Amino acid sequence: MNKSYYNRNSLEAAVPVLGPGFGPSPTMRTLAELLALLAALPATASGYFVSVDGPAKECFFQRVTSGTEMGLILEVAKGSFLDIDVEITGPDNTGTYKGDRESSGKYTFAAHVDGT
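According to this note's numbering, the residues represented by the sequence shown are -4 to 111, in order.
Pasting the structure below:
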């Protein structure tokens, strides 16, 4: 290999020095700075970690506005049948999802109306 790019004895890669016009453009630099700023902003999210003992029934409520994306991830870790019944409904009792005897699942949906 060319010694200006790789030195076998020291196992170091050399970085070539580029002339003017080879660096990031001002637009790309601004975009990179904007992305770094957005990554530093805190995200708005909330979550729950719950343990449900069978045959109990647990309900969870979250106030959201129409169009808000939500998700649910579940996994049954222990129990006699290793399954759970899941039902996701809106504030108007419209069913979004219903599943019986599931051992795990990942669901993503958007609220169709405002409410709890």
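We treat Cβ as the ideally placed atom computed from N, Cα and C, and that holds for glycine.
These figures come from a predicted structure and were not determined experimentally.
V81 is bridged by DSSP to G94.
Put simply, the backbone Cα of V47 is about 10 Å away from that of A72.
Residue burial is scored here from C-beta neighbours: I79 has at least 16 other C-beta atoms within 10 angstroms and is therefore classed as buried. Sequence-distant partners of T111 (beyond 5 residues in either direction) whose C-beta falls short of 6 Å from its own C-beta, in its chain, are F56, R58 and P86.
Between D95 and the set T63, D109, T89 and L69, the nearest pair of CA atoms involves L69.
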